[in-house]
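A.B. asks: Here's a structure for you.
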Amino acid sequence: MSDVTRILHQIEAGDAAAAGELLPLVYAELRRLAGHKMDKEAAGQTLQPTALVHEAYVRLVGDEDVRQWDNRGHFFAAAAEAMRRILIDNARRRQSYKRGGDRERLEIAEVDAIVESADVDELLDLDAALTKLAECEPEMAKLVQLRYFAGLSVEESAKTLGMSPRTVKRNWAFARAWLGRELNLGEGN
Amino acid sequence: MAVATEKSIFFHALEIESPAERAAYIEGACDGDEQLLTAVCALLRENDREENPVDRPVGAAWMSTDLVSDDVGVATTRFFPGAMVGPYKLMERIGEGGFGLVFVAQQQAPVRRRVALKIIKPGMESREVLARFEAERQAIALMDHPNIARVFEAGVTETAQPYFVMELVRGVPLNEFCDHHQLNMSERLKLFVTICHAVQHAHQKGIIHRDLKPSNILVTLQDGQPLAKVIDFGVAKAIGQSLTVKTIYTRFASMVGTPAYMSPEQAAMSTDDVDTRSDIYSLGVLLYEVLTGSTPFAPDRLQSAGFDELRRIIRDEDPPRPSTRLSTLNNELASTVAVNRRLDPATLSSAMKRDLDWIVMKAMDKDRNRRYSTAGAMAEDVSRFLNDQPVEARPPSTWYRFSKFARRNKVGLSTASIVACALLLGTAVSVWQAHTAINERDEKEIALEEARAAEQVANAARLELERFNDRLNSTTVLLASGRANADAQRWSEAYQAYTEATGVLPKYFLVWLERGGLNAKLGRWDAAAADFAKAVEIGCPIEQAELSGVPQLLFFAGESAAYDKLSNELRRVEKDDPMAVTMRGQLVGDVTESAAAELADRVEQMLAAMPNPDDSEPNHESDRRRRKYAEMFYGVNLYVAGWAHLRAGNHQRALQRLQESNQASWFGRGIAHPLLAIAHHRTGNAEDAVGSFEQSQALLDRLLDESVSQSKGSPVIPWIDWIEFLLHHREASIVVKGHTPANDPRMQQMERFADERISG
Numbered sequence: 001m002s003d004v005t006r007i008l009h010q011i012e013a014g015d016a017a018a019a020g021e022l023l024p025l026v027y028a029e030l031r032r033l034a035g036h037k038m039d040k041e042a043a044g045q046t047l048q049p050t051a052l053v054h055e056a057y058v059r060l061v062g063d064e065d066v067r068q069w070d071n072r073g074h075f076f077a078a079a080a081e082a083m084r085r086i087l088i089d090n091a092r093r094r095q096s097y098k099r100g101g102d103r104e105r106l107e108i109a110e111v112d113a114i115v116e117s118a119d120v121d122e123l124l125d126l127d128a129a130l131t132k133l134a135e136c137e138p139e140m141a142k143l144v145q146l147r148y149f150a151g152l153s154v155e156e157s158a159k160t161l162g163m164s165p166r167t168v169k170r171n172w173a174f175a176r177a178w179l180g181r182e183l184n185l186g187e188g189n
Numbered sequence: 001m002a003v004a005t006e007k008s009i010f011f012h013a014l015e016i017e018s019p020a021e022r023a024a025y026i027e028g029a030c031d032g033d034e035q036l037l038t039a040v041c042a043l044l045r046e047n048d049r050e051e052n053p054v055d056r057p058v059g060a061a062w063m064s065t066d067l068v069s070d071d072v073g074v075a076t077t078r079f080f081p082g083a084m085v086g087p088y089k090l091m092e093r094i095g096e097g098g099f100g101l102v103f104v105a106q107q108q109a110p111v112r113r114r115v116a117l118k119i120i121k122p123g124m125e126s127r128e129v130l131a132r133f134e135a136e137r138q139a140i141a142l143m144d145h146p147n148i149a150r151v152f153e154a155g156v157t158e159t160a161q162p163y164f165v166m167e168l169v170r171g172v173p174l175n176e177f178c179d180h181h182q183l184n185m186s187e188r189l190k191l192f193v194t195i196c197h198a199v200q201h202a203h204q205k206g207i208i209h210r211d212l213k214p215s216n217i218l219v220t221l222q223d224g225q226p227l228a229k230v231i232d233f234g235v236a237k238a239i240g241q242s243l244t245v246k247t248i249y250t251r252f253a254s255m256v257g258t259p260a261y262m263s264p265e266q267a268a269m270s271t272d273d274v275d276t277r278s279d280i281y282s283l284g285v286l287l288y289e290v291l292t293g294s295t296p297f298a299p300d301r302l303q304s305a306g307f308d309e310l311r312r313i314i315r316d317e318d319p320p321r322p323s324t325r326l327s328t329l330n331n332e333l334a335s336t337v338a339v340n341r342r343l344d345p346a347t348l349s350s351a352m353k354r355d356l357d358w359i360v361m362k363a364m365d366k367d368r369n370r371r372y373s374t375a376g377a378m379a380e381d382v383s384r385f386l387n388d389q390p391v392e393a394r395p396p397s398t399w400y401r402f403s404k405f406a407r408r409n410k411v412g413l414s415t416a417s418i419v420a421c422a423l424l425l426g427t428a429v430s431v432w433q434a435h436t437a438i439n440e441r442d443e444k445e446i447a448l449e450e451a452r453a454a455e456q457v458a459n460a461a462r463l464e465l466e467r468f469n470d471r472l473n474s475t476t477v478l479l480a481s482g483r484a485n486a487d488a489q490r491w492s493e494a495y496q497a498y499t500e501a502t503g504v505l506p507k508y509f510l511v512w513l514e515r516g517g518l519n520a521k522l523g524r525w526d527a528a529a530a531d532f533a534k535a536v537e538i539g540c541p542i543e544q545a546e547l548s549g550v551p552q553l554l555f556f557a558g559e560s561a562a563y564d565k566l567s568n569e570l571r572r573v574e575k576d577d578p579m580a581v582t583m584r585g586q587l588v589g590d591v592t593e594s595a596a597a598e599l600a601d602r603v604e605q606m607l608a609a610m611p612n613p614d615d616s617e618p619n620h621e622s623d624r625r626r627r628k629y630a631e632m633f634y635g636v637n638l639y640v641a642g643w644a645h646l647r648a649g650n651h652q653r654a655l656q657r658l659q660e661s662n663q664a665s666w667f668g669r670g671i672a673h674p675l676l677a678i679a680h681h682r683t684g685n686a687e688d689a690v691g692s693f694e695q696s697q698a699l700l701d702r703l704l705d706e707s708v709s710q711s712k713g714s715p716v717i718p719w720i721d722w723i724e725f726l727l728h729h730r731e732a733s734i735v736v737k738g739h740t741p742a743n744d745p746r747m748q749q750m751e752r753f754a755d756e757r758i759s760g
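Here the protein sequences line up with chains W and L, keeping their order.
At the far end of the first sequence sits residue 189, using full-length UniProt numbering, and the numbering has no gaps.
At the far end of the second sequence sits residue 760, using full-length UniProt numbering, and the numbering has no gaps.
Rendered as structure tokens:
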């Protein structure tokens, strides 16, 4: 049994503290996977974060548990969080690099390919809006994180969050509109 | 606190459909709080906006390029202009996509022509692809329609990649053509109708496209008129099914590119369950795009949705109606759309609003039972719209039919409306007015009544026709299933499918022809003859390839009425007959010496035109195969020539040709023995006559023994050869031996074997 599977079982059994162990493991695996991919891919190729998340799942947990949705739920919650951190860290570094600093140039290569430079600002804006949303509607922010950073569908998100798909759909509509309003604030309509 | 309130108002507002009621609710709920009102309105506006940063998971926009492109990249190095693929020389490259590459290619033989050659990327199981293509090949060959690009053949490259050879169409995708040439609405619709007819034609032959989209419909200008050609018929099925294996990621990647045109049942990935109605759905999407300039679900959104989300959207979400889509397009885009369609945006939207909405939404119904049952029915409905007639898609409301009717019959109806108003008032005065009106316009009233009656008759006829179309549809599906099963040698399943088809559409010649063919192949002569007789009685086009051997069998089984009818028709055929199928049909019965001499002439001319297969030295595998085919044609024609000479009384020529046919390599080699026996007998050579007859008897014994030992109803040679051989042998026995051959117990055994095959 892999570490991750063990942790998932512990969470399942009610050990809330185990969730804290999950994130670093998933985070490390995602970074490793992204770096590994970049070695193999030609320059200019891009990776898809949501595909990475699914691949990390298969690597860390294996195929046999695929049908156990409760387990997957905890995993994807952690993976979405991890992916968000990776991408945002990366975007911040690149932004500072754009401003002239080249101190951390070497460190950024591995996940560079995930986000195109043009989207860096958009990503950071979204992250800020999402943080703001989490202050008043934490469940909704979590939903956005699952769908945006881990690529989960409405049904998958519903299972992960333990809600009905109908509620998730409603919440999604609200979160989407809320973020849209937040981000479009300066643009008039 | 403010957030919770705006949230609850937002949720509640979403439930209210009517914009007016919704606005009223929001007003009330905000209760004069301007700030709250602004906030809620902003939320709802964002909710309606199609673009939102979170709509696509991060980075997903590049999805389509990374899993597919390197396969194509590998392929690119191997296939370049000048390279040979089978007998085809690649020329310029004209296309590239998730499936592979498309080239213009030069074919050298048997005809010099340019074709389009589509090379499927590695990773598809090539044997599987070819087998699936092979299963439909006959049906594909039967397609003959000006709006369908022909698919000539399929093959495998040296690197084991399947390829398809198709008619070369130099056109541009449908949507690009419409916009570049700024076709107006009615031009677009007329073009679309021709596409429906093409699809209908294919469906009638049992072929489902499965991948209808603008890039598979190429439009060219011919004599100044746009001509649409649907390409890739039969190809999607052949390469389609292997998409379901692999991992979720590659599967996802394979789907990306066309999900916008994919029907809900296709999205469900139950590939077995796709029928003609999936194509109707795709036609609906095409029409949607032709009208609005965009697909029902934004491609961006489909590409970025998770795999399951994508399928859910296609299966569950109702797209906005085309007219709604047009009115919500932002101004700039709408006016581009309008310019391209030569209409101002307002007209565009209202012209389309009702009828076209219904046509599109009916075609795209999630429940395929509620879609148009055939592409033809959809074409008719679009044509009705063009002619200002009521469309079928619309739920028939009296007022609607009346208003359409009124537009067509403006004069007549003014009378009718006066009558109607008068009766409503119900006063003596108005009755008198009505009376006057009727008297004044008596003739128009009668004309109106007639028009009404005619409309009723037309409606009834159309209904009948559509029911027939439905049955035709299920019949073609049954026939296709029969063929597939027969190809796989699942005889009883094939027989059942054919039999079911004869029940659904007994007045369709093809169902009898197909079942007859199966029966004949298995050696169930009487059953086969009965089926064929039925097809002939109904009346079948005599160009059918399935007619090969049918006259012989009808003659053999004593179906004389059907035989006479068929051979009379065959006599009138003037077409080329490379395998001498119709000539053999005429020779089998009573044929006059002069008619036989004429036939002999024709075969001799054909023989003279064919290269003698002995002349060429085989160098390559392809040469060898070509030579083998040539030899087969040649052998058949030698035999037919000898047979015709014999019937014409030209015995020396007959002997020469028949002996040559016994030297050639073809399936029916040896069936000339009994004819040789007769020819020897007629020239007074009793010894050779008996000798040839004994050879004939030996061949018969061998074929019968083989069949019995393998528990089969018919020997390995084609049944047309077999049945002619039986006929010739019987004749030779009478001529040479003076008696009909005794009933052979092996024949009865074989009949039993044949019956067992179809009972499973």
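Idealized CB from N, CA, C, for every residue including glycine.
So which of L:Q710, L:D33 and L:Q659 has the shortest CA-CA distance to L:L676?
C.D. replies: Counting from one through the second sequence, the residue named residue 676 of chain L turns up at place 676. Nearest option by C-alpha distance: L:Q659.
A.B. asks: Mind checking which residues open and close the alpha helix (DSSP H) that includes L:P214?
C.D. replies: Position 214 of the second sequence holds residue 214 of chain L. Per DSSP, L:P214 belongs to no alpha helix (DSSP H) and is neither H nor E.
A.B. asks: Tell me, which residues are paired with L:V104 by DSSP?
C.D. replies: By one-based count along the second sequence, residue 104 of chain L stands at place 104. Bridge partners of L:V104: L:A116.
A.B. asks: Measuring only between beta-carbons, confirm whether W:F149 sits less than 9 angstroms from chain L.
C.D. replies: Here residue 149 of chain W corresponds to residue number 149 of the first sequence, with the count starting at 1. Output row for W:F149: interface = yes.
A.B. asks: Identify the residues that DSSP records as bridge partners of residue 772 of chain L: which are they?
C.D. replies: What the structure shows of chain L is the stretch from 1 to 760, and residue 772 of chain L is not part of that stretch, so it cannot be assessed.
A.B. asks: Give every residue of the same chain whose Cβ lies closer than 6 angstroms to the Cβ of L:A596, excluding the five residues on either side of it in the sequence, and list them in chain order.
C.D. replies: Your numbering for residue 596 of chain L matches position 596 in the second sequence. Answer for L:A596: A644, R647 and A648, listed in chain order.
A.B. asks: Let me check understanding here. Comparing Cα to Cα, which of L:Q108, L:I314 and L:S294 lies closest to L:E265?
C.D. replies: Working through the second sequence from its first residue, we reach residue 265 of chain L at position 265. That would be L:I314, whose Cα lies nearest to the Cα of L:E265.
A.B. asks: Apart from the five residues on each side of it in sequence, which residues of its chain come closer than 8 angstroms, Cβ to Cβ, to L:N485?
C.D. replies: For the purposes of this step, residue 485 of chain L is taken as residue 485 along the second sequence, with counting starting at 1. Around L:N485: W491, E493, A494 and A497.
A.B. asks: 9 angstroms is my cut-off, CB to CB: does W:N90 come that close to chain L?
C.D. replies: Along the first sequence, one-based indexing puts residue 90 of chain W at 90. So no, W:N90 is outside the interface.
A.B. asks: DSSP three-state label for L:V274, please.
C.D. replies: The count along the second sequence starts at 1 and reaches residue 274 of chain L at position 274. Here L:V274 sits in coil by DSSP.
A.B. asks: May I ask which residues mark the beginning and end of the alpha helix (DSSP H) holding L:Q389?
C.D. replies: By 1-based counting over the second sequence, the position of residue 389 of chain L is 389. Element bounds for L:Q389: n/a, residue is neither H nor E.
A.B. asks: So, are the CB atoms of L:R452 and L:E380 less than 9 angstroms apart?
C.D. replies: Here residue 452 of chain L is taken as the residue at index 452 of the second sequence, counted from 1. Here residue 380 of chain L is taken as the residue at index 380 of the second sequence, counted from 1. No, Cβ-Cβ distance for L:R452 and L:E380 is not below 9 angstroms.
A.B. asks: For chain L, find out if any of its Cβ atoms is closer than 9 angstroms to the Cβ of W:A177; answer yes or no.
C.D. replies: The sequence position of residue 177 of chain W within the first sequence is 177, counting from 1. Cβ-Cβ to chain L under 9 angstroms: yes for W:A177.
A.B. asks: Quick one: does W:R181 have its CB under 9 angstroms from some CB of chain L?
C.D. replies: Counting from one through the first sequence, the residue named residue 181 of chain W turns up at place 181. Yes, its Cβ sits closer than 9 angstroms to a Cβ of chain L.
A.B. asks: Using C-beta distances below 8 angstroms, list every residue in its chain close to L:G376, excluding the 5 sequence neighbours before and after it, in chain order.
C.D. replies: Start at 1 with the first residue of the second sequence, and residue 376 of chain L comes out as number 376. Answer for L:G376: C196, H197, Q200 and N469, listed in chain order.
A.B. asks: Mind listing the chain W neighbours of L:R113? Cutoff is C-beta to C-beta under 7 angstroms, in chain order.
C.D. replies: Position 113 of the second sequence, counting from 1, holds the residue named residue 113 of chain L. Per Cβ cutoff of 7 angstroms: no residues; L:R113 is ~39 angstroms from chain W at best.
A.B. asks: If we cut at 9 angstroms on Cβ distances, does W:E81 have a partner in chain L?
C.D. replies: Indexing the first sequence from 1 puts residue 81 of chain W at position 81. It does not; no Cβ of chain L falls within 9 angstroms.
A.B. asks: Which chain W residues are close to L:E34, counting only those with a beta carbon under 8 angstroms from its beta carbon?
C.D. replies: Translated into the one-based positions of the second sequence, residue 34 of chain L becomes position 34. Correct list: empty, because the minimum Cβ distance to chain W is about 16 angstroms.
A.B. asks: Report the start-end ranges of each beta strand (DSSP E) in the region 120-195 of chain L that is 3 residues or longer and not cut off at the edges.
C.D. replies: With a minimum length of 3 residues, the continuous beta strand (DSSP E) runs that stay inside the region 120-195 of chain L are 151-156 and 162-167.
A.B. asks: Under three-state DSSP, which class holds L:Q489?
C.D. replies: By one-based count along the second sequence, residue 489 of chain L stands at place 489. Here L:Q489 sits in coil by DSSP.
A.B. asks: At 9 angstroms on the CB atoms, spell out the chain W contacts of L:N469, in chain order.
C.D. replies: Numbered from its first residue, the second sequence carries residue 469 of chain L at position 469. The contacting residues do not exist; L:N469 stays about 38 angstroms from chain W at best.
A.B. asks: What is the residue span of the beta strand (DSSP E) that L:K229 lies within?
C.D. replies: In the second sequence, the residue the question calls residue 229 of chain L occupies position 229. First-last of the beta strand (DSSP E) with L:K229: Q225 to V230.
A.B. asks: Can you grab the Cα-Cα spacing for the pair L:F556 / L:L727, in whole Å?
C.D. replies: In the second sequence, counting from the first residue as 1, residue 556 of chain L sits at position 556. In the second sequence, counting from the first residue as 1, residue 727 of chain L sits at position 727. Approximately 7 angstroms between the Cα atoms of the pair.
A.B. asks: Residues of chain W with a CB under 8 angstroms from the CB of residue 768 of chain L: which are they?
C.D. replies: The shown model of chain L, from 1 to 760, leaves out residue 768 of chain L, and the question about it has no answer.
A.B. asks: Check L:Q710 in the structure and name its three-state DSSP category.
C.D. replies: To locate residue 710 of chain L, count along the second sequence from 1; it is residue 710. L:Q710 falls in the coil class under three-state DSSP.
A.B. asks: Taking the alpha helix (DSSP H) that L:E653 falls in, what are its first and last residues?
C.D. replies: As a working mapping, residue 653 of chain L is identified with position 653 in the second sequence. In the sequence as presented, Glu is not what sits at residue 653 of chain L; that position holds Arg. It spans H651 to Q663 - the alpha helix (DSSP H) in which L:R653 sits, taken as one unbroken run.
A.B. asks: Give a yes or no on whether the C-beta atoms belonging to L:V115 and L:Q108 are separated by under 9 angstroms.
C.D. replies: By 1-based counting over the second sequence, the position of residue 115 of chain L is 115. By 1-based counting over the second sequence, the position of residue 108 of chain L is 108. No, the Cβ-Cβ distance between L:V115 and L:Q108 is not below 9 angstroms.
A.B. asks: Can you check whether the C-beta of W:V4 is within less than 9 angstroms of a C-beta belonging to chain L?
C.D. replies: On the first sequence, position 4 is the one that residue 4 of chain W refers to. Not one chain L Cβ lies under 9 angstroms of W:V4.
A.B. asks: Which residue comes first and which comes last in the alpha helix (DSSP H) that contains L:Y563?
C.D. replies: To locate residue 563 of chain L, count along the second sequence from 1; it is residue 563. Here the alpha helix (DSSP H) through L:Y563 covers S560 to R571.
A.B. asks: For W:A78, go through chain L and note every residue whose CB falls closer than 7 angstroms to its CB, in chain order.
C.D. replies: Stepping through the first sequence from its first residue, residue 78 of chain W is reached at position 78. The premise fails here: W:A78 is roughly 17 angstroms from chain L at the closest Cβ pair, so nothing lies under 7 angstroms.
A.B. asks: With burial defined as no fewer than 16 other Cβ atoms inside 10 Å of the residue's Cβ, what is the status of L:S8: buried or exposed?
C.D. replies: Mapped onto the second sequence, residue 8 of chain L falls at position 8. Exposed, because fewer than 16 other Cβ atoms sit within 10 Å of the Cβ of L:S8.
A.B. asks: Taking W:V154 as the query, report the chain L residues whose CB atoms sit under 8 angstroms from its CB, ordered along the chain.
C.D. replies: Taking the first sequence and counting its residues from 1, one reaches residue 154 of chain W at position 154. What W:V154 touches in chain L: E309 and R312.
A.B. asks: At least one CB of chain L closer than 9 angstroms to the CB of W:L33: is that the case?
C.D. replies: Looking up residue 33 of chain W in the first sequence gives position 33. W:L33 does not count as touching chain L.
A.B. asks: I'd like to know if W:R170 contacts chain L, where contact means its C-beta is closer than 9 angstroms to some C-beta of that chain.
C.D. replies: Start at 1 with the first residue of the first sequence, and residue 170 of chain W comes out as number 170. Closer than 9 angstroms to some Cβ of chain L, the Cβ of W:R170 qualifies, so yes.
A.B. asks: Which first and last residues belong to the alpha helix (DSSP H) in which L:F509 is found?
C.D. replies: One-based indexing of the second sequence puts residue 509 of chain L at position 509. Taken as a continuous stretch (DSSP letters only), the alpha helix (DSSP H) holding L:F509 covers F509 to L522.
A.B. asks: Please report the straight-line C-alpha distance between L:Q456 and L:E466, rounded to a whole angstrom.
C.D. replies: Reading the second sequence from its first residue, position 456 is the one you call residue 456 of chain L. Reading the second sequence from its first residue, position 466 is the one you call residue 466 of chain L. If I take the Cα positions, the gap works out to 15 angstroms.
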